[in-house]
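When we follow full-length UniProt numbering, the leftmost residue of the sequence shown carries the number 1, and every step to the right adds one. Think of the CB as a built atom: it goes at the ideal place given N, C-alpha and C, for glycine as much as any other residue. Scroll down for the structure; my scribbles are underneath it.
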Amino acid sequence: MNENDPTNNEEGESLSGNERFLAGSDKSFYTELEDDPYEEPVQEQPVSGSPLLSPPDEPGKGRMDVPHTPPEKKSNFGKYAALIAVLFLIIGSSFAIIYYSAGGDFYPDNNRVAVIYIQGTMLTGSVPSGLGYATSENICASIRKAVDDNSVKAIVLRINSGGGSGSASEEINTEIRKAQQAGVPVVTSMGDVAASAAYHVSSSTDLIVANRNTMTGSIGVIWTFRNMSAYYEEEGIDYHVAKSGEFKDMGGTWRGLTDEEKEYADRVIMENYNLFVQDVAQGRNMTVSEVKDIADGRIYTGVSAKRIGLIDEYGNFYDAIDRAADMGGIEGEPTIYYVNKPSITNLLFGSKVQNDNIAESFVSYYEKSPFGKLAY
């Protein structure tokens with residue numbers, strides 16, 4: 001009698017024939033698996049519509065189902081992380097470009113020379129740089145920004161303007177004097193032209209550097225009027241003027257000036273002219289008489305301007321930077337800080353409506369105003 005026979009036990013009599021057969025079959029099945037360890041198990045394919053695995057509590061199954069392991073899904077975390085990193089890089093670079101082009105500096109130090117551009121026709125108001133105008137509000141704000149920055153030791157005004165409003169130049173001069181009183185020297189670097197109101201501004205600075213071919217000077221005031229009475233008559237345009245005083249419609253295009261109005265216009269011109277001359281004399285350490293001798297409205301080259309004392313030195317933009325650094329007590333190479341350099345951001349973030357209104361107002365004042373064209 002085999003001792004290992006599951007049917008040969010004390011409880012064998014209690015087992016039915018089928019139960020003894022199943023017990024013996026299961027034992028022999030596992031024995032065969034253990035005897036052939038190199039045989040690969042065969043994975044049975046499920047019949048369509050039937051479960052792959054037999055329920056563990058379902059009796060009477062004579063096979064062991066091998067579970068089907070689905071392939072592991074590859075994680076997309078790396079792709080998403082790389083995409084996010086690229087987006088942050090693009091956004092960060094964009095803000096960096098905007099910040100820097102707007103005048104920012106990622107590595108500020110205590111040896112900076114601020115550069116402020118004055119380019120185009122000068123007028124009061126505010127308009128972003130790069131639109132052909134140099135407004136007193138923009139220039140004054142830039143000067144204040146530079147003076148309030150403790151790392152700025154000197155200021156260079158890079159001027160390329162033929163003039164414009166005397167009120168605009170006077171407002172800028174006021175801010176220049178405040179900078180000088182705060183201990184910040186201001187140097188002018190003239191480009192192609194720095195005349196009339198632009199020279200008015202230059203004369204208030206501590207040093208003027210220009211090229212030999214620079215066109216400067218034009219110290220004087222002009223006021224022009226248009227007489228379109230012949231056009232009104234030809235077109236049959238009638239008009240009526242109600243005014244409270246004799247000179248209220250002075251300069252109206254529908255008529256010419258009377259003799260009294262011409263005399264009055266001359267007095268206004270000379271009053272502005274004398275203010276201009278006095279400012280130049282004070283800024284250039286000259287007498288009023290000396291300035292009047294050369295202030296007949298003519299343009300001077302850089303060579304002539306140096307000979308008569310309207311500029312100090314010949315040099316380019318970087319020569320002016322070096323001179324400003326010396327005057328500001330900077331040792332070594334100065335860092336250039338562009339405060340209002342014309343850039344795409346000035347145009348993008350400037351109000352188009354505001355810009356259009358200012359430009360239109362400028363043209364309206366100097367071309368359509370009944371007060372004519374009064375300018376430095």
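Given residue i as reference, the closest of the options once Cα atoms are compared
i: GLU171; options: THR258, PHE88, ALA134, LEU310; result: ALA134
i: LEU207; options: ALA325, GLU261, GLU333; result: ALA325
i: VAL212; options: SER204, SER229, MET190; result: Here the sequence assigns Arg to residue 212, which means Val is not the residue at that position. Closest by alpha carbon: MET190.
i: LEU275; options: ASN160, GLY332, ILE219; result: ILE219
i: ILE116; options: GLN181, GLY166, THR188; result: THR188
i: ASN285; options: ALA265, TYR300, ASN272, GLY309; result: GLY309
i: GLU246; options: ASP238, THR258, GLU235, GLY236; result: THR258
i: VAL193; options: TYR300, GLU331, LEU83; result: TYR300
Alpha-carbon to alpha-carbon, residue j and residue i
i: GLY183; j: ASP149; result: 12 Å
i: GLY164; j: SER202; result: 14 Å
i: ALA154; j: ARG112; result: 7 Å
i: ASP109; j: ILE139; result: 23 Å
i: GLY329; j: GLU175; result: 22 Å
i: SER196; j: ALA305; result: 13 Å
i: PRO185; j: VAL147; result: 10 Å
i: ASN173; j: SER204; result: 6 Å
i: GLN282; j: GLY125; result: 26 Å
i: LYS248; j: HIS200; result: 30 Å
i: residue 383; j: MET215; result: In the structure as shown, the chain starts at 1 and stops at 376, and residue 383 therefore has no counterpart that could be examined.
i: SER151; j: VAL339; result: 13 Å
i: PHE225; j: LEU87; result: 59 Å
i: ASP293; j: MET270; result: 15 Å
i: ILE143; j: LYS178; result: 9 Å
i: THR335; j: GLU260; result: 57 Å
i: LYS79; j: ILE91; result: 18 Å
i: LEU89; j: ILE321; result: 34 Å
i: VAL288; j: ASP266; result: 20 Å
i: ILE311; j: GLU333; result: 25 Å
i: GLN180; j: ARG323; result: 16 Å
i: LYS243; j: GLY251; result: 13 Å
i: GLY166; j: VAL277; result: 12 Å
i: TYR376; j: GLY132; result: 17 Å
i: ASP356; j: ALA81; result: Because ASP356 sits at a pLDDT of 45, beneath the cut-off of 50, its placement in the model cannot be relied upon, and the following sentence gives the value as read from the coordinates. Spanning the two alpha carbons is a distance of roughly 45 Å.
i: TYR264; j: ASP238; result: 27 Å
i: ALA85; j: ASN316; result: 44 Å
i: TYR231; j: ALA295; result: 36 Å
i: VAL280; j: GLU331; result: 32 Å
i: GLY236; j: LYS262; result: 27 Å
i: TYR234; j: GLY120; result: Position check: residue 234 holds Glu in this sequence, whereas Tyr was assumed. About 37 Å.
Identified DSSP bridge partners for residue i
i: TYR338; result: VAL115
i: SER160; result: Sequence inspection shows Asn at residue 160; the Ser mentioned does not correspond to that position. Answer is GLN119, bridged to ASN160.
i: ALA179; result: Beta-bridge pairing links ALA179 to no other residue.
i: ILE208; result: THR188
i: MET228; result: Note: MET228 sits in no beta bridge, so no partner.
i: residue 408; result: Because the chain in this structure spans residues 1 to 376, residue 408 falls outside the shown range and cannot be described.
i: VAL193; result: MET215
Same chain, Cβ closer than 6 Å to residue i, five either side skipped, listed in chain order
i: ASN227; result: GLY256
i: ALA168; result: MET122, LEU123, THR124, SER136
i: LEU33; result: For LEU33, the predicted model reports a pLDDT of 48, less than 50, meaning its position is unreliable; a value from the coordinates is still stated below. Cβ within range, chain order: n/a, list empty.
i: ALA114; result: ALA146, VAL152, ILE155, TYR337, VAL339
i: VAL241; result: ASP249
Same chain, Cβ closer than 7 Å to residue i, neighbours up to 5 away in sequence not counted
i: ASP319; result: VAL209
i: SER229; result: TRP254, ARG255, GLY256
i: TYR273; result: GLY220, VAL221
Chain-order list of residues whose beta-carbon lies under 8 Å from that of residue i (same chain, five-residue window excluded)
i: TYR314; result: VAL209, ALA210, ASN211, ARG212, GLY302, LYS306
i: ARG298; result: GLY217, SER218
i: ILE118; result: ALA134, ILE139, LEU157, ARG158, ILE159, ASN160, SER161, ILE172, ALA198, VAL201
i: TYR30; result: With a pLDDT of 48 at TYR30, under the threshold of 50, the modelled position of this residue cannot be trusted, and the question is left open.
Three-state secondary structure (DSSP) of residue i
i: GLY328; result: coil
i: VAL147; result: helix
i: TYR376; result: coil
i: LEU52; result: Its pLDDT being 49, under 50, LEU52 is placed unreliably in this model, and the coordinates cannot settle the point.
i: residue 395; result: No answer is possible for residue 395: it lies beyond the span of the chain, which begins at 1 and ends at 376.
i: VAL277; result: helix
i: GLU333; result: coil
i: ALA134; result: strand
i: ALA295; result: coil
i: GLU313; result: strand
i: ILE237; result: coil
i: THR301; result: strand
i: ARG255; result: coil
i: VAL268; result: helix
i: GLU246; result: coil
i: THR124; result: coil
i: ASN285; result: coil
i: SER169; result: helix
i: SER203; result: coil
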